[in-house]
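Numbering (our numbering), first residue to last: 7 to 315.
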Ligand code: GLU
């Protein structure tokens, strides 16, 4: 476990305003940072520029502030941090861990079809390794994307501990395969940017929605490759939409009503099993923090807090 001073973060993608689901992650990460007497940062994850909505970043910061969630340092924008990601990619290439890949989507689909593999309904095809240096490499073709080679066998079985979900593992080579760290369109992949930034910002604790839990093994593996410390993880329960799927902008999640932040917090609190009844945002957050400190909300994972003076 980490002896470094607690630094937590909320890392929204500015693809639209905050909704009930994203507020749960924001609130939980804020409460956890406060309960540990730590710092809470906000990082705008705007690397996937085609999906970003102009002005959504500022609006999210305003929504957070209206809910009483104000970061302890000025927010950072991933779009301004390209040199850091390039440095990490250079390191991985230098270590012989990342390689250039010339495959198009249809090349990958064809190679998989030849192996009798079909695309799963949710998720991507595992990269068949066509451009891996040990399988012949680029063979004179120009690289489009950059991939991280993942090991097989026991080394590819990535284990990690989640404070709420308990012990987790994924056989990375079978579930994901060599994954993209720089995309064919030149954009930085989420996996690389998030790992580089968590490390650069000294993040010790990641608190985020459970929909991201299956990204954690890729991030744990990247941390090991880059030689940076692994944060402690807590994945929070998801808010479900009317169709029984995770609430998201795609299935009609409404933007939080800035006119009624208390109601938004109460709903987020319900998902975290926090019963706070106060009638102002400030008093509600104080009650919620007391509940979080007691370890009430997410059962066994959140029990040990240093007493705050
Ligand atoms: N930017 C990601 C998202 O909004 C979250 C990343 C993270 O918390 O690790 O889904």
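Beta carbons: idealized from backbone N, C-alpha and C, even for Gly.
Open item on the list: Just to confirm the assignment, what range does the beta strand (DSSP E) spanning residue 211 have?
Closed with: Within the chain shown, numbered from 1, the residue matching residue 211 stands at position 205. For residue 211, the enclosing beta strand (DSSP E) has its first and last residue at 211-215.
- [ ] On a CA-only basis, which of 117, 248, 294, 200 is nearest residue 232? Give me that one, please.
- [x] Taking the first residue of the chain shown as 1, we reach residue 232 at position 226. The shortest C-alpha separation from residue 232 is found at 200.
Task: Exposed unless 16 or more other CB atoms sit within 10 angstroms - verdict on residue 303 - done: Your numbering for residue 303 matches position 297 in the chain shown. Unreliable positioning characterises residue 303 in this predicted model, as indicated by a pLDDT of 48, which lies under 50. The coordinate reading is nonetheless provided below. So residue 303 ends up on the buried side.
Open item on the list: Please identify the residue among 90, 174, 173, 186 whose C-alpha is closest to the C-alpha of residue 137.
Closed with: As a first step, residue 137 is located in the chain shown; it is residue number 131 there, counting from the start. Among 90, 174, 173, 186, the Cα nearest to that of residue 137 belongs to 186.
Task: Rounded C-alpha distance that separates residue 291 from residue 61 - done: Position 285 of the chain shown, counting from 1, holds the residue named residue 291. Position 55 of the chain shown, counting from 1, holds the residue named residue 61. Approximately 27 Å, taken between the alpha carbons.
Task: DSSP-derived helix/strand/coil call for residue 276 - done: Indexing the chain shown from 1 puts residue 276 at position 270. Of the three classes helix, strand and coil, the one that applies to residue 276 here is helix, per DSSP.
- [ ] Quick one: using the 10 Å Cβ neighbour count with 16 as the cut-off for buried, is residue 84 buried or exposed?
- [x] As a working note, residue 84 is residue 78 in the chain shown. Buried is the call here.
Task: Any non-hydrogen atom of the ligand GLU closer than 7 Å to residue 147 Cβ - done: Within the chain shown, residue 147 is the residue found at index 141, counting from 1. Residue 147: no, Cβ never under 7 Å from the ligand GLU.
- [ ] Please state whether DSSP places residue 298 in a helix, a strand or coil.
- [x] In the chain shown, residue 298 corresponds to position 292, counting from 1. Of the three classes helix, strand and coil, the one that applies to residue 298 here is helix, per DSSP.
Open item on the list: So the candidates are 285, 300, 53, 198; which of them puts its Cα closest to the Cα of residue 21?
Closed with: To locate residue 21, count along the chain shown from 1; it is residue 15. A check of alpha carbon separations from residue 21 across 285, 300, 53, 198 identifies 53 as the nearest.
Task: One or two residues paired with residue 185 in a DSSP bridge - done: Here residue 185 corresponds to residue number 179 of the chain shown, with the count starting at 1. Per DSSP, 154.
TODO: Just mark residue 225 as buried or exposed, buried being the case when its beta carbon has 16 or more other beta carbons within 10 Å.
DONE: Within the chain shown, numbered from 1, the residue matching residue 225 stands at position 219. Buried is the call here.
Task: Pairwise C-alpha distance: residue 155 and residue 103 - done: Counting from 1 along the chain shown, the entry for residue 103 is found at position 97. Counting from 1 along the chain shown, the entry for residue 155 is found at position 149. For residue 103 and residue 155, the distance between alpha carbons rounds to 6 Å.
Task: Three-state secondary structure assigned by DSSP to residue 104 - done: Sequence index remark: in the chain shown, residue 104 carries index 98 (1-based). Of the three classes helix, strand and coil, the one that applies to residue 104 here is strand, per DSSP.
- [ ] Return the residue from the list 49, 221, 273 that minimises the CA-CA distance to residue 80.
- [x] As a first step, residue 80 must be located in the chain shown, where it is residue number 74. Looking at the Cα atoms, 49 is the closest of the given residues.
Task: the ligand GLU heavy atom lying under 7 Å from the CB of residue 218 - done: The count along the chain shown starts at 1 and reaches residue 218 at position 212. It does: the Cβ of residue 218 is within 7 Å (strictly closer) of some heavy atom of the ligand GLU.
Task: DSSP-derived helix/strand/coil call for residue 313 - done: Within the chain shown, numbered from 1, the residue matching residue 313 stands at position 307. The predicted model places residue 313 with a pLDDT of 38, which falls under 50 and marks its position as unreliable; any figure quoted below should be read in that light. Coil.
Task: Own chain residues within Cβ distance below 6 Å of residue 36, not counting five before or after - done: The sequence position of residue 36 within the chain shown is 30, counting from 1. Taken in chain order, the residues that qualify are 46, 75.
Task: residue 143 to residue 164 span [Cα, whole Å] - done: For the purposes of this step, residue 143 is taken as residue 137 along the chain shown, with counting starting at 1. For the purposes of this step, residue 164 is taken as residue 158 along the chain shown, with counting starting at 1. About 26 Å.
Task: Candidates 166, 159, 169, 170, of which the one nearest residue 179 by Cα - done: Working through the chain shown from its first residue, we reach residue 179 at position 173. Closest option to residue 179, Cα to Cα, is 159.
Open item on the list: Using a Cβ-Cβ cutoff of less than 8 Å, which residues in the same chain neighbour residue 286 once the five nearest sequence positions on both sides are dropped?
Closed with: Within the chain shown, the letter at position 280 stands for residue 286. Hits under 8 Å: 268.
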